[in-house]
Amino acid sequence: MLALSAFSARGEDARRRVEMPLGALDVPVPPRRVVAIDSRISLESALALDLPLVGYSHSRARPWVPVPASVPMLAAPPDLEQILMLAPDLILCPDTAPASDWWPLDRLQAIAPVLPSSHRVTWQANLRDLAGWLDRMDLAQARIADHAARIAGIRARHGATIAGTRVAALYFDPLKRRAMVCSAGTGYGLLMPAQVLAELGGSEIAADRLGPYGEVALESFGAVLGAADALLLIDFGDGAPQALAREPLWRRLPAVRAGRVETVAGNCTFGAGYTADYLATAWQALYARVEA
């Protein structure tokens with residue numbers, strides 16, 4: 021068993037003391053070898069700030085995230101010995117469950133300084149925090165401004181439709197035969213479809229009409245999803261949309277009967293700026309479908 025300490029192998033590079041919810045921390049300036057524990061928020065934020073990545077964990081990077089082919093996906097859940105062998109001088113990890121196997125923030129601190137992120141604040145807030153700690157605010161602000169311009173363009177083109185259309189973003193669980201609606205305020209935190217919809221000024225099905233994590237049982241489709249004028253269906257590539265299409269209660273929904281369903285490929289429920297851009301395009305396509 022390897023001793024989980026890589027500090028002695030990194031030499032005496034320049035350090036910067038930063039204050040954060042976890043307390044004061046000395047971080048390398050600039051970092052030279054970064055591991056992103058979460059392939060969504062951690063990885064996307066690292067790429068937005070041009071950090072030198074040596075690996076990432078959790079799940080395969082989404083197709084719309086420009087991770088270099090040279091950056092490997094590591095074991096999932098994270099293997100601390102594998103990470104130690106990469107000799108990182110900085111680790112990015114969500115604070116979702118610091119003692120868990122998937123986000124072992126507490127144990128990772130024995131390997132290198134760990135900067136946290138949260139699924140309960142916007143991707144912009146997470147990026148600004150990370151940029152502030154690493155003195156890369158110019159990069160963060162440019163990335164945020166670019167996305168804001170994209171959102172402003174969609175609002176300028178589809179503003180009236182956005183204001184007058186109630187929508188829902190969802191995916192289907194064919195085993196449990198239930199929909200999972202990605203509204204703000206569920207137990208999953210601030211999901212990406214809800215974040216981008218809020219930026220657009222859109223109206224969604226409120227979380228208090230859903231189960232604790234956004235669940236809608238099949239028999240409740242009419243009562244809950246029937247209130248949506250249009251639907252954004254997330255396709256994980258597992259055949260779930262095809263199974264959903266066979267459900268009579270789905271086919272009876274007003275939005276489905278009117279052809280107001282836009283399917284977006286890939287798991288885009290969590291992420292950061294690149295996923296936000298991807299979802300902005302998907303929401304735009306749905307509003308254009310409503311206008312057709």
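Counting in the working numbering, the sequence shown runs from 21 upward without gaps. Note that beta-carbon positions come from the ideal geometry of N, C-alpha and C, so glycine has one too. Everything numeric in this text was worked out from a predicted model, so none of it was measured.
Which same chain residues end up closer than 6 Å to residue i when comparing Cβ atoms and leaving out the 5 residues on each side of it in sequence?
{"i": "ARG148", "result": "ALA160"}
{"i": "GLY152", "result": "none"}
{"i": "GLN304", "result": "ILE174"}
{"i": "ALA312", "result": "none"}
{"i": "GLU282", "result": "LEU252, ALA305, LEU306 and ARG309"}
{"i": "ARG156", "result": "LEU69"}
{"i": "LEU264", "result": "PHE192 and TRP270"}
{"i": "ARG82", "result": "GLY286"}
Find the nearest neighbour of residue i within the set the options, judged by alpha-carbon distance.
{"i": "LEU63", "options": "PRO48, ARG52 and VAL91", "result": "VAL91"}
{"i": "LEU211", "options": "VAL38, ILE164 and ALA227", "result": "ALA227"}
{"i": "GLN102", "options": "LYS196, TYR76, ALA81 and GLY286", "result": "TYR76"}
{"i": "LEU230", "options": "CYS202, VAL216 and ASP255", "result": "CYS202"}
{"i": "SER137", "options": "VAL187, ASP121 and GLY291", "result": "GLY291"}
{"i": "ALA214", "options": "HIS139, PRO97, ALA130 and ARG127", "result": "HIS139"}
{"i": "ALA95", "options": "VAL85, ARG80, PRO86 and TRP84", "result": "ARG80"}
{"i": "MET93", "options": "TRP84, LEU110, ASP109 and LEU73", "result": "LEU73"}
{"i": "GLU267", "options": "TYR298, VAL85, ILE182 and ARG198", "result": "ARG198"}
{"i": "PRO194", "options": "HIS178, ALA180, GLY209 and LEU238", "result": "LEU238"}
{"i": "PRO50", "options": "ASP109, THR142 and ILE182", "result": "ASP109"}
{"i": "ARG277", "options": "THR295, CYS288 and LEU245", "result": "LEU245"}
{"i": "PRO41", "options": "PRO118, THR206 and ASP158", "result": "PRO118"}
{"i": "ALA8", "options": "SER120, LEU150, ARG52 and MET200", "result": "In the structure displayed, the chain extends from 21 to 312; residue 8 sits before or after that span and is not available."}
What are the boundary residues of the beta strand (DSSP E) that includes residue i?
{"i": "ASP249", "result": "Element bounds for ASP249: n/a, residue is neither H nor E."}
{"i": "ARG36", "result": "35-40"}
{"i": "SER137", "result": "134-137"}
{"i": "ASP46", "result": "43-48"}
Report, in whole angstroms, the separation of the C-beta atoms of residue i and residue j, which I expect to be a contact under 8 Å.
{"i": "LEU106", "j": "ILE57", "result": "At roughly 12 Å, the Cβ-Cβ gap does not stay under 8 Å, so LEU106 and ILE57 are not in contact."}
{"i": "ILE225", "j": "ALA247", "result": "6 Å"}
{"i": "VAL54", "j": "ALA66", "result": "6 Å"}
Within its chain, find whatever has a CB closer than 8 Å to the CB of residue i; leave out the 5 residues flanking it on each side and keep chain order.
{"i": "THR185", "result": "GLY222, SER223, ASP249, ALA250, TYR307 and VAL310"}
{"i": "ILE164", "result": "GLN144, LEU147, ARG148 and GLY293"}
{"i": "ALA44", "result": "ARG37 and VAL38"}
{"i": "LEU24", "result": "Only weak support exists for where LEU24 lies, its pLDDT of 41 falling under 50; the coordinates are left without a value."}
By Cβ distance, which residues of its chain are closer than 7 Å to residue i, with the 5 residues on each side in sequence left out?
{"i": "LEU22", "result": "Residue placement at LEU22 cannot be trusted, given a pLDDT of 36 that sits under 50; the coordinates are not used to answer."}
{"i": "ALA302", "result": "LEU252, GLU282 and VAL284"}
{"i": "ILE171", "result": "GLU219, LEU220 and ALA300"}
{"i": "PRO261", "result": "PHE192, LEU253, ASP255 and THR283"}
From which residue to which residue does the alpha helix (DSSP H) around residue i run?
{"i": "ILE182", "result": "157-184"}
{"i": "ILE61", "result": "61-68"}
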